[in-house]
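For reference, the structure is listed below as structure tokens.
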Amino acid sequence: MSLTRLTLSLSFREGHKIFKTFRSLSTSSASLVRSTNKPPGSDSKESILKEPSESARELLENAASFNDQVPLNEEQIWSTSPYPKGSIPRGQSIYALRPKVDPTHTSIMLFPGQGTQYVGMGRDLIKFPVVQEMFESASAILGYDLLKLCVQGPASELNKTVNCQLAVLVCSLAAIEQLREERPSSIENCIAAAGFSVGEIAALVFAGCMSFERAVRITKVRAEAMQLASEMTEGGMLTVLYSPKTRLVDVCKNAREWAQNSGVERPECSIANYLFPDCKVIAGHVKALEYIEKNAKSHAIRRTRRLPVSGAFHTSLMQPAVEPFKLALSNAKLEEPAIAVHSNLDGKMYSNAKQILYKLPRQIVRPVKWEQTLHILYERPPGEQFPSTFECGPGSSLRTILKNVNFKAANTFWNIGS
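Quick look at the structure:
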């Protein structure tokens, strides 16, 4: 797909209509049609949107990519900077150059992941049209009252992986309905979306890749499979704030060795989430995490915080969950995204359904490259205004992360449905 087509494909059909049922979550964004009209001045020799050659395009795309292959040498994990080099827009951010739309009138949608849930979430969303129907539909699929669990708890049940992933998904998509009622132009002028972990499914629904009901079904499989994988091994996740001289590759290596000496067979300890500079989430066997907590000072780690999750998500310990989710996803009717949706796997945007089938299951056992994704999403030429950003769903964790990655972009940020 050419860069010009990528740019033009993000234009919305004039007179885009807002649907009145919850199925609009999958169809309203899918109805966005790629305009075939050239931007003003595109025929000019001075046009900034010039079509590169095939070889040049490949170089541009590769320059913006983050290799998701397992490195031959563990040292390579940390040898490459997570930041895209340079400030000239490349293939991964060229879509943001929309000549017909003032950048300040465009928007980006972000969807949170597991861990943002809290008892009481969703209560204020019921007043918006179709949200009640959304919860009723989800409850019929799940076999329990999801709205009651979100609003009343108890927290011990809501925080279980099998429940919280569904709760966050539905509340995030319900927040879109609030935005649709209060600021419809933000929906119509959306240029990109991304979601953290399970939030990526919400982003794909918003982009019209799958129906709301299908998303609930595949998320149910994902949550159940990850819960079972968590029960097979005693694992966890640990947020670490560290100094520039900290070598996390050595920290993880030492933690694995210590866990192995403590009786853990084939211990796991690796980066699970890239959040922002000097802040990552490490996941693995509990014994390995205990080593990091006890030896934080010697590794120049300033602070650690154990996350309230049941397993080592986004590591090899979740491998048993991949195939069940992959099978469920393969049975889903996936469509090409109507807007740019960026993958957690490498920060690059999906261009077709095959990429979704390939990347989304692998996301379960690979680190969430959120910091890298944010750099790609908000890369702009010097002086260009940033779009409005909406965090749709419970909590405000994504706003906090963005402030540490791109403070200027975070100045036009709103939380919806939290």
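Counting from 990, one number per residue, gives the positions in the sequence shown under the numbering used here. All C-beta atoms, glycine included, are put in the ideal place defined by N, C-alpha and C. Since the structure is predicted, the reported quantities are computational estimates derived from the model, not experimental observations.
Where do the ends of the beta strand (DSSP E) carrying I1180 lie? For I1180, the enclosing beta strand (DSSP E) starts and ends at C1179 to G1184.
In DSSP terms, what C1198 is bridged to: None, per the DSSP bridge assignment.
C-alpha gap between C1268 and L1155, whole angstroms: 27 Å
Which stretch, first to last residue, makes up the beta strand (DSSP E) that contains M1098? S1096 to F1100
Three-state secondary structure (DSSP) of S1259: strand
By the three-class DSSP mapping on this structure, what secondary structure does N1026 have? Summary for N1026: the model assigns pLDDT 39, below 50, so the residue's position carries little reliability; its value from the coordinates is reported in the next sentence. N1026 falls in the coil class under three-state DSSP.
Quick one: what's got a C-beta closer than 7 Å to L1168's C-beta in the same chain, skipping five residues either side? S1175, I1176, F1379, C1381 and I1405
What residues are listed by DSSP as bridge partners for I1271? L1227 and I1260
With contact counted as at least three CB pairs below 8 Å, one residue from each stretch, are the stretch 1276–1296 and the stretch 1304–1324 in contact? The stretch 1276–1296 makes no contact with the stretch 1304–1324: fewer than 3 CB pairs, one atom from each, lie closer than 8 Å.
Could you please give the first and the last residue of the uninterrupted beta strand (DSSP E) stretch that includes V1330? A1329 to H1331
Nearest-angstrom Cα distance between W1247 and T1235? Each residue's alpha carbon lies about 18 Å from the other.
Enumerate in chain order the residues of its own chain whose CB-to-CB distance from H1288 is below 7 Å, with the five nearest sequence positions on each side excluded. T1235 and V1240
Determine the closest residue to P1256 out of H1094, H1274 and T1105, with distance taken between C-alpha atoms. H1274
Distance, S1340 Cα to G1184 Cα: 16 Å
From what residue to what residue does the alpha helix (DSSP H) around T1362 run? In the DSSP assignment, T1362 falls within the alpha helix (DSSP H) that extends over W1359 to L1366.
Cβ contact check for the stretch 1100–1109 and the stretch 1379–1398: 3 or more pairs under 8 Å: yes
What runs of the alpha helix (DSSP H), each 4 residues or longer, lie entirely inside the stretch 1097–1179? Note on the stretch 1097–1179: whole alpha helix (DSSP H) runs with a minimum of 4 residues are 1120–1131, 1135–1141, 1144–1147, 1150–1171 and 1173–1177, in chain order.
Under 8 Å between the Cβ atoms of I1190 and A1204? yes
Pairwise C-alpha distance: I1271 and R1388: 21 Å
Could you check how far apart the C-beta atoms of C1139 and L1131 are, in whole angstroms? I think they sit under 8 Å. Here C1139 is actually not in contact with L1131; their C-beta atoms are around 12 Å apart, not less than 8 Å.
Enumerated in chain order, which unbroken segments of the alpha helix (DSSP H) with a length of 4 residues or greater are wholly contained in the stretch 1275–1302? 1275–1283
Could you tell me the distance, in whole angstroms, from the CA atom of Q1058 to the CA atom of A1196? Note on Q1058: pLDDT 36, under 50, position unreliable in the model; the coordinate value appears next. One C-alpha to the other measures close to 27 Å.
Look up F1265 in the DSSP assignment and give the residues it is bridged to. C1268
Give me, in chain order, the residues of the same chain whose beta-carbon lies closer than 8 Å to that of E1170; leave out the 5 immediate sequence neighbours on both sides. F1117 and P1118
Helix, strand or coil at S1340 [DSSP, three-state]: coil
Under 8 Å by Cβ, that's how I've got C1160 and S1096 pegged, so tell me the actual separation to the nearest angstrom. Not quite, the Cβ-Cβ distance comes to about 19 Å (not below 8 Å), so this is no contact.
Short Cβ contact (8 Å threshold) for A1321 with M1199: yes
Can you tell me where the beta strand (DSSP E) with I1405 in it begins and where it stops? F1402 to I1405
Tell me whether the beta-carbon of L1114 lies closer than 8 Å to the beta-carbon of A1163. yes
Out of V1253, L1349, Y1263 and S1377, which one is the CA nearest neighbour of G1224? Of V1253, L1349, Y1263 and S1377, the smallest CA-CA separation from G1224 is found for V1253.
Is F1305 helix, strand or coil by DSSP? First, the residue type needs correcting, since residue 1305 is Ser and not Phe in the sequence shown. Reduced to three states, the DSSP call for S1305 is helix.
C-alpha gap between E1325 and A1192, whole angstroms: Here the C-alpha atom of E1325 lies approximately 13 Å from the C-alpha atom of A1192.
Could you tell me which of P1143, Q1361 and N1393 sits nearest to L1334, measuring between CA atoms? Q1361
Could you tell me the alpha carbon to alpha carbon distance between R1351 and S1186, rounded to whole angstroms? 11 Å
T1389, enclosing alpha helix (DSSP H) - first and last residue: S1386 to V1394
Spatial neighbours of S1237 within its chain, please: C-beta separation below 8 Å, excluding the five flanking residues on both sides. Per the sequence presented here, residue 1237 reads as Leu, with Ser not at that position. Excluding positions up to five away in sequence, the list reads W1067, V1229, Y1231, I1260, K1269 and I1271.
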